[in-house]
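Asker: Have a look at this one.
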Amino acid sequence: MKKTSGGRGSKTDAPAVTRVRTPRRENNEILATVSALLGGKRVTLQCMDGIVRMGRIPGSKKKRMWVREGDIVIITPWSFQDSKAEVIWKYTRPQVEWLERKGFLK
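Residues 1 to 106 (the UniProt record's numbering) make up the sequence shown, in order.
Shown next as structure tokens:
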């Protein structure tokens, strides 16, 4: 059912989850939760492998992807410094619910 009243963006339906990108082990990708925003395209990440890393949002994704505390993201740890990582994907709320149902999030 379509919404007919409300604020900005309320008239659009929530997008259905059609396909969810999952972390690829062969590319060394890990799921993580954003625990703090540090400023300057940097965030603190609590990774699913138990390590707390400092993440960097690349400039190509910065304007398209607004990251907030509590968001679930895919990261790639740096090969030369394991305590830092690149944020490469951010999940929407319906995608996070799908990941929880399928057992990707613990």
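Just so it is clear, CB atoms sit at the ideal spot from N, CA and C, and this is done for glycine as well.
Give the DSSP-derived three-state secondary structure of ARG68 in the structure shown.
Answerer: Here ARG68 sits in coil by DSSP.
Asker: Bridge partners for LYS41 per DSSP, in chain order?
Answerer: Its beta-bridge partners do not exist; DSSP assigns none.
Asker: Give me, in chain order, the residues of the same chain whose beta-carbon lies closer than 8 Å to that of VAL20; leave out the 5 immediate sequence neighbours on both sides.
Answerer: Excluding positions up to five away in sequence, the list reads TYR91, GLN95, TRP98 and LEU99.
Asker: Would you kindly work out how many angstroms separate the C-alpha atoms of VAL43 and ILE57, rounded to a whole number?
Answerer: Distance between the alpha carbons of VAL43 and ILE57: 8 Å.
Asker: Is it right to say ASP82 is buried, meaning 16 or more other beta carbons lie within 10 angstroms of its own, or is it exposed?
Answerer: Exposed, since its Cβ has fewer than 16 Cβ neighbours within 10 Å.
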